Structure formats: structure tokens, C-alpha cells
Amino acid sequence: MKERRNDSHGSDETPIPLGSLQKARIIPLKAMDSWTVTSIGRMKWSVEDFSAYFVVTAPFGSYIALVPRDDNPNRDLFIYDGIGNSVVEDSLSSSYHVISCHWTEDQRLCIFLNDGRALVYLPTDEPRSMMELFSEEDMEAGIRLKEAFVSGLTCCFVSENNEVYFMQKLGEGVARKAPSLPEDARKAEIAILGILPEDCNMSRNTSIIISVQSGPFRGIMFIINSNSNTTHILVDPDADPFTHFSLHPYHCLSAYCNDSKITVYDNDCKYCLFKGNLRKAEDRPATPSEEAAEEATEESPRASPHEPSGEPSDEAANKPSSQSSDEPSGEPTNDPSTKPSTEPTNEPSSEHAEAKTPLLPHRLYGVYWLNDSTVGLVLSDRHTTAATRVLAVNIHGGIDTLALPFAPAACVFQQEVDGLRVLTPTDIFLLRQNHSRALAIPGHLTIALHHTYAEFFLHVHAQFLQGDEAAVRAYREIPADLFEEVIHELLKYCEWDNFNEENTALLAALKLAIMHSPYAGHIHLLCNALYFTCSVIKVLFNLRQEGMPLTHKEYVDLSFPVLIARLLLRNKHLVALRICDIYNSHSNKEHQNENECYFDHFRGIITMDWAMKKIRQSDLPSEQLATMVFTNIIKIGKVPIIPIILNIYDTRPDLAITLLLLEPDSNLAVACLLKIGEYHEALRRAVETNNPDVVFAVISYTGDHMDDRDAWFDLISEQEFAEDLFINYYRDMECYDLLNEFYLHTNRYRDTFFLLLSNAIHDVNTTESEDSEFAMDEEDKMRLKVFDLKKCSDMLLPGVNDFEVSCIRNQIVLLEFQNHFGVSILNLPAYGTIINLLARCTEESDQDALKLKNQFDITDVRFDILRLYGYSRGGNWDKVRQLYASRKSIIPIECCLQMVLAKKAYKEGDYYLSIMNLKEAPALALHYALLLNQWKLTTKLAVELNDYSSIITIMDNVDNDIPGIRMELYNYTRDRGYERYTPFVNDVKYHPVLKAKKSFASGILAAFTSSDTNGGLRGNGDASLNEDDGDIISDINKEPSSSGKSSAGIFGLFKKDRNV
């Protein structure tokens, strides 16, 4: 623990290079000890003795619990923080028989009772809870426990009958029985060494290690895991069984030990990494140097069972101990981390050496991992019962021994990530490896007068404070390649020795050295490193003040989020915010490589936790409390408000709503209102955003979470914007049943009527594709249409809506006619249906067509034209001639010619041209003669009408097999002096043919628009008509219109409404 002054700089001894620097000129001090005991501080409790209590310590210097043993008449239980401040006080019933106590990783104290129950304490004001660990059958059977172990949240129990039980997660489910030990092993005396977590072995199952102490299985270890597998390991049948166990905190290593032997295995116990024997006490006095050499040596093949043996070499085994007889125990240390007042001595008292009394047999009290490769054995002292020996055995070679001036029974040991925490009734110490970064100055430097670099920097700083500004020139004595590395190593030393109050002076000295550095290349990096070190030391100081004495390695291993969570558990919100503020700077973020909002995120979490606890514990009025909480939230910023609202809504709903009213972010407020079930307020806030996405999100969410459909419709009806959005969306999605239900609930019968009408006309036709397995045939679609139309008819009032009722009934009759004559004419309009019936040219179909004419009140003129198209489509030209002959005063001859052209029946065209009155309409005759290729008639009419464009058309298209026509027309145009391109060629007023075409179109349209209303139910159009029928057929497909029984009126209005 003391470090020897190295004054012989000119000696031949080769300096040991510092491993982290890889430079031979930077060497550590040759320590007289490899280990040091650091005093963390005095305990603030008033405990005098631990013997009457179970002393349960949590790792990372967290909590300490004193649970009374069964024989203790004082039944008071205490939970303290890391420095002895009282946190929880309680009293246990005398009927409770405690078998063991453990801290879980989520900071819960579990006190296990022998009757299969456990008391659970939190280090807060919350009351304790009682937990049953086993099933009702086991509890009724009267199960009794004798041991309980905890690793993380996994528990393992051993009953008085040596049966093993596992509970995968404490508080969830019940304990399950593991495979039983062999009969002889269950009847023997066993020792439960410990528990292996699931992430520490290859099987990935939580395991318990049992060492059999007697019987046929003596010396055998059983490893029982939670997956019904058992492994037994034969250690040494002639040696004593293992009694102690320690799990490595990082690596998959385990140390097994008893009073005479230590063995290190991998966690699966497949490979032995180290073996060593402990010598028994001898009846002779021993000097400290002899005792250090005899205490623990390593195993050799020639050694007797009680001789030192082990894998390290003889040279390592015979290496001098860390204690030397010629080194006085009271010599001041050169290591700033240790103080004479708290340094335990390794020197036994002189009376032991003189008394020549027999040495006491040593007793093993525990085994712990001190660092990555060193196992610490806590033994009783051979010379006195008032001292404790710690044997530090390095599995790679080397043994150190340390003496603590406390009796083993008066100490409590807790394995930490970087050493061993030693707790006494008065003080708390930390036994750890001496990682002092005080560097020895090489002898060739002029500043070698100072023993360490730390002393050199402190000396320069003291001179500078006294007014000697030239003292900083001494920094130039340190070479440039060493200056930065020395600064970094001293900063690491300050972090390691954060309990030392003298660190403040050393940090100030390093700050002066960086400010006046003669090497300006890395000043920025050194400043960042110094600031970060100061931040860490300041954080560790704040934690120590709050009862969490952490070393730097423990702080790093604990992680920042876990640290904040533990502070919040203690209600240390101001301390947590102060720590975030310490770190919340640009240079520190850059040094830690954190994102920009890393510490702001934790500030928000801290404030959120404070707000929830403040609201639960406060009796202030809701408005006043909401203002106070929200003011702090706004001040800190980036606070998640939704968890606050969700946690307080059950107890303070009025306060939750008040907080939401203060929330400026409407989207966040809407989300929170939906979470707490305030649907009306959520929809109102959503409508205020005027964002359709937010409004529809509220509609969709409420529809999924509200059981009453009527209440959902009432909610939507409260906001006009939401109502319109609901109707438009579900109309586009063709959810007509839902819309119909909404319309009926809100008494919107007109909308219901048109919705049903839409189902009858459009929806059924496009419900399913033809390839779908749910597609309906045409007859089913027709029946659904009729059903919807009848529902529409039932909604109308007689005497008020007679016209609409008539329209619907006409459509039903049409559908029935179509269904009777086959699928081919389904979904056709009335005109298309009549044309298809007439095209069949049967007596029955003609009668049915006549019925439809009467049903829809179609005029005779319209019906004659429909007959004309029906006969021509069926190819019955004789009936067309008969019809024309009987009705030629009504039916223009152009209709017949148009049908001839549509069906390409040119011979029929010659007939109509032959009976056509050429004198009354020569231009119209010329037009159809050109279309029918009647060249001789066309030439005659074109010359008579002097139609130059027709003449040119004839000359370009006439065949050579008709002699004389082309020559005749050529001579005609030459004699008249026409040019091929003249400005009046395409002008209507100069061309009788174009005039005739315009006149014909006007006449046809006039014939079909003689009634007052146009339009109607078209369905899918005339699907059976040919495209060659031309424009006239598209006009024919228009629905009949009438103010009487026609179906066009209401369906025409419906169509217009849909188009809008």
C-alpha cells in the first residue's frame, strides 16, 4: 500500500514501461504493494455489530439492508444508502423465519421466508408487499425452504429435502421444480455454492451449483439448470468439497474454493484454468516475509497434498510478497490516493514474532474476483482473531497478501467491478488494484528532482500562485512527445482516485499546464479532456453526497441511463438535473460523441417523473397544480407529456384535462386525449387543426375503441367537418352498409334513399371482380338490385312521391324482363332492352317489346325508330322495308340509309337510293351515293349541283373499270376553271353536302327530344350494340323521358347528383 521512493535513477535496473502508453520513458512507480485500500468515508448510522443481522449489500455502492436474524429479539429492519443514511425502517414479525435476503437488479430487497413466501421492499415510502413463490399445491403441502439465491431477477430455491426450484422472473408465475438430485446426494449434507445466470454459460439456462459435502457423492458438484438438465462434475474424491464460489463479473469464469484449495473453471466447468493449494498452519512463529511466502503458493507435480502447488512457475511462486520486513508500516506513502490514517497495515504486531505461540488455523470467509485475473480469498489471520487477511491470487502467476485490522466477522464484503468493498460498523473501504497514474520522471530530465509528475505539476502551480510567472517555463523540460500523454495519464489518475480531496489541486495544476503549454498542437483536445474529467469528478462528488459512493469504473459500468433511473427511484430529481447540466455542453458532447439532444432527453424524463410524483402527492387545486407543473415543463423543455397524463388520469382526471388544455401542440393533445378516452374533446381539438388526416385518425380510432355504434355516430355528428369527412371517405371506399346505418341514425332519409339507389345501380355491378371467388353471378346481382329498389320504394310516401315510386317500379319491371330473357341483356337501359328484343324477330319478343313501350310510355315515333334499329340489327331487311313503307311519312329515309351503312348492307342501299326523291334532296342523295360507291349517280348529282369537292372525291376514288367518269369530270373541271385548292372548298355555305349532313343531324336530334326531360338510367350502356352503329346508335341509347310513368326522371336526377 506504500510506494517505495526511487532515488537510484542511475541504477542498472530497467524501468518497466507503462502498458497503456507504450513508451519506455514513462514508467509507473515501483509500488511496494500491488493493492491499495481506499477509505470511502465513515458510515452515518449508529450500528455497533453485524452479528445479529443479515447484512445485504447491493452492488455499485447502492443500498445496505440490515434484516434481523431469527434469534435477534430486536425485530427492527433498516435500509440505508451507501453511506449509512436511513431510507426505510420497518419491523418484522417474530413469526417470520428468514432464510436469506437478496437485492434484485431492479433495486428491490427480497426477504425469503422458510414457508415459501417473500417480503419485498422498495427503497422508497411505498409499503412492503408479500409474495407467494410457489403454487397452491406446494403451499398446501407445507413446503419448507432452507436456501434462496437470486441472480438479476431469476430465483433459485432449495427445500429442506434438497429439492431445487426455479423462478425465471421474480413476481411472474410460480417456482417450478427442477430435476432431483440422486437419492444418496439428497440425503447427504450439501452446500449451495451459487447461481449461474443464463447469459454466463453455453446452455443459456439459469443453473445452480451444489457441492455434496458427505456420503457417496462427497466432493462432487452438481450443476442443475432450469431446462431439466443435470450435470455432475467429479472434482477430487480425496480433497475436501468446495464450500465457496465466485462468478466473474465480465468473463465466463468461476472460482471455487475451500479451506485448502482454490480452482478456477470456465462457467460450464469443462476446462480448469488454475489450481492452487493453501498450506495449513504450522506451530511456529512466522515473520511477515515468511508468512507471505507460505500463505499461498502454487501447485507442482512433486508437492505433497498440503504443499503449495499450482500452474504458475516456481519463480513466480517464490517471488517476494508485496510486504517487506524491512519496510516500516508507518512510512508515509507517495501515492496521493492513500492516507496514513486509513491505510490498513500488512505488518503483524511485534508481539506475535516474540511470543513464539502456535499459529492459528486459517478459516475461509469468502472468495471474490478483485479484477479480470485476480481472485481474492478472505481468510482469518493466523496470528490474531482481530485481523483479516486477503490473499490476492493471480491466475496467470503471482500472489499478494494484505492485512485488514478488522475481524472477519465484523466485516461485510461486496464484490464490485473493480475491487472489493469492505463494510464495517464504522467505515467503508474499497480494496482495489493500485492503478495510480503518478508517473516516475526519467532520470535524464532536469526535473527528476521531483519524485512524480504529479508533484512536479503541483510544485509549478504553487510557485505560479505565489507570483512567480516564470515558473511555467519548467513545462518545457518535458519533451513534446510526452507532454500530452502525461496529462492524459494524470487525468485518468484523478478519475481513479476521485475520493481524494487533493484532486482539486492537481486538476488546477493540470489546467495551468494546459493553458501555458509550450506545445500548442493539442491544446484543444487537452482542454476537452480536462473538462470531461472535471465533469466526471463533479458528478461522482454529487453522487457521493447523495449516498452513492461510486468509483469511476463502477460509474462507467453502471451506464448513464441506469444511474438516472436509480436517482429517480430515490426521488433525487434535482441531483439528476444537476448531473445533466454538468454534462450538457458542446465540448463534452463532442468528447463523448453523443447526439445533440442526449442529455436534454434525460432532462425531459427527469421532469416527467417529478411531475407524476408531485401530482400524486400534492393536494393543491387542479388549476394551480397544473400551472405549476406546466411551467416547469415549459422551462425545461422536451418533456414527454403523454406519460404524465396517462399516469394521473385515473386519479386526477380533471388535472389531466387541464394539462392538455395548456398543451400548445394540438396533435400531441389529440393523441393524449384519445389515450385517456376523452373522445369528444379529442375530436374537437382535431377539428381545430383543420387537418383531415388528424380528424380522420380520431374517427378511425374512436370507431375501433367505442363499443356502442350509436355513440360513435353521435360523436361524429357533433362536428360538421368530421361528418363530411366520414361520409366522403366511406362513400369512396364503397362502405354503403355503414353509411346507410349512419344516415338512418341521423334521420337523413333522403341520403339513405339515394344511397340505396346507388347500391341498386352501381355498387352491385362492381362489388367483385370476375376472378374473385366471391364474385356473384348476374342473376344474384339482379335480385339484389330489385331488393334495394323495393327498399327505396318503401321509403317513399304515397301521394307525395308518386313520380319517384313510378320510376322505381318501372326499373323493377325492366330488370324482371331482362332476367326473363337471359343474362345477355341484363344491366341494359330500356332502349337497349327493346332493341335487343326486336332483334330476336320472334312473336314473343315483339310482344314483350310492346309491353315495355307501354310500361315506359314511349311515343310511337320513338318506338318506330327503335324497331328500325332492332330489325336492322337482326338482319331482317324485309321488315325494315315494310316499316319504312308504312311509316315513311314519320321515319326519314336517312335512318334506313344510316342502318344500311352501319351494317354494310350496300345492296339495300341501292334500293333506298332508287326510291329516293332526287329532286327534293339532291345534296343528301349525293352524300349517300358517295358513301355507297354509286359513282354514276354521284357524278350526275355532283355535276348538277356543281359540287367541286365531290367531283374531286370521285376522281380520287373511282375505279378504272368504270370508263369515262374520270375523263368526263376532268374535262368538266377544266372547262369551269376550278383549281384543286380553293378557299371555299370546306366552307359549309358553299357545299350542299355538308349542309345536308348538318340538316340531317338536327332533324334526328329534334325527333328524339320532343319530350320535356332527357337522360335516365343507363347502367353500363348498351353492351350488346356494335360499335359500327355510329353516332345515331349513341343517340338511340338515351333513355325515354316523360313526366308520367317514365323512369328517367328520378334516375336522371340521381345521375346529376352523382356527377356533382
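Read in order, the letters of the sequence shown correspond to residues 1 to 1060 in the UniProt record's numbering.
Idealized CB from N, CA, C, for every residue including glycine.
Remember, predicted model here, so these are calculated numbers, not experimental data.
Exercise. Using the rule of at least 16 other Cβ atoms within 10 Å of the residue's Cβ for burial, across every protein chain shown, is K572 buried or exposed?
Worked result: buried
Problem set entry | For G637 and W712, the rounded distance between their alpha carbons | 36 Å
For this session: Give me the Cα-Cα distance between M167 and F149, rounded to the nearest whole angstrom.
Result: 10 Å
For this session: Could you tell me which residues DSSP puts in a beta bridge with R117?
Result: E132
Exercise. Tell me, which residues are paired with C272 by DSSP?
Worked result: Y265
Exercise. Apart from the five residues just before and just after T243, which ones in its own chain have a Cβ nearer than 6 Å to its Cβ?
Worked result: A191, N258
Exercise. Can you give the Cα-Cα distance for K919 and L937, rounded to whole angstroms?
Worked result: 13 Å
Problem set entry | Coil, strand or helix - R437 by DSSP | Bear in mind that a pLDDT of 47 at R437, under 50, signals an unreliable position, so the model cannot answer this.
Exercise. Relative to the alpha-carbon of V164, which residue among S207, G397, S872 has its alpha-carbon at the smallest distance?
Worked result: S207
Problem set entry | Under the three-state DSSP convention, the category C534 falls into | helix
Exercise. Would you say A52 and N74 are within 9 Å of each other, going by their C-beta atoms?
Worked result: yes
For this session: Could you spell out where the alpha helix (DSSP H) holding K853 opens and where it closes?
Result: 843 to 855
For this session: Would you mind working out which of C252, I220, S100 sits nearest A239, comparing C-alpha positions?
Result: I220
Problem set entry | Backbone CA spacing between T154 and S226 [nearest angstrom] | 10 Å
Exercise. Are L431 and G419 touching if we call contact CB-CB under 9 Å?
Worked result: yes
For this session: Indicate the three-state DSSP secondary structure (helix, strand or coil) for L431 in the structure shown.
Result: strand
Exercise. Near L550, what residues of its chain come up, given a Cβ to Cβ distance below 8 Å and the 5 sequence neighbours on each side ignored?
Worked result: F60, G61, L540, L543, R544, L558
Exercise. Is it right to say R421 is buried, meaning 16 or more other beta carbons lie within 10 angstroms of its own, or is it exposed?
Worked result: buried
Exercise. Going by the CB atoms, is the gap between E688 and L660 shorter than 9 Å?
Worked result: no
Exercise. Can you name, in chain order, every residue of its own chain whose Cβ lies under 6 Å from the Cβ of R503, other than the five neighbours on each side?
Worked result: Note that residue 503 corresponds to Asn in the displayed sequence, not to Arg. Same-chain partners within the cutoff: C494.
Problem set entry | Local Cβ density within 10 Å of P621, reported as buried at 16 or more and exposed below that | exposed
Exercise. Among all the DSSP beta bridges, which residues are the ones paired with P922?
Worked result: Paired residues: none, contrary to the question.
Exercise. Of all the options Y701, D710, A722, E132, which has the alpha carbon lying nearest to the alpha carbon of N691?
Worked result: A722
Problem set entry | Nearest to L391 (by Cα), restricted to the options G397, G398, V378 | V378
For this session: Report back the beta-carbon spacing between A188 and S151 to the nearest angstrom; my notes put them in contact at under 8 Å.
Result: Actually they do not touch by this definition, with Cβ atoms about 25 Å apart.
Exercise. Nearest to D372 by alpha carbon, out of P664, K851, C252, S700?
Worked result: C252
Exercise. Cα-Cα, which of V695, S260, P479, D268 is closest to L278?
Worked result: S260
Problem set entry | Buried versus exposed call for D1031 [16 or more other C-beta atoms within 10 Å across all chains shown] | In this predicted model, D1031 has a pLDDT of only 38, less than 50, meaning its place in the structure is not dependable; the value taken from the coordinates is given anyway. That one is exposed.
Problem set entry | Own chain partners of L897 with C-beta closer than 7 Å, once the 5 adjacent residues on each side are dropped | G909, Y912, Y928
Problem set entry | For Y121, the nearest candidate out of S135, V56, R69, E147 (CA to CA) | V56
Exercise. Can a CB atom of chain D be found closer than 9 Å to the CB of E416?
Worked result: Protein chain content of the structure displayed is limited to a single chain, and chain D is not contained in it.
For this session: Quick one: using the 10 Å Cβ neighbour count with 16 as the cut-off for buried, is E416 buried or exposed?
Result: buried
Problem set entry | Nearest-angstrom Cα separation, counted from A480 out to A474 | 13 Å
Exercise. Hey, how far is the Cα of S889 from the Cα of I835?
Worked result: 22 Å
For this session: Give the range of the alpha helix (DSSP H) segment to which F742 is assigned.
Result: 736 to 745
Problem set entry | Beta bridge counterpart(s) of L145 as assigned by DSSP | S159
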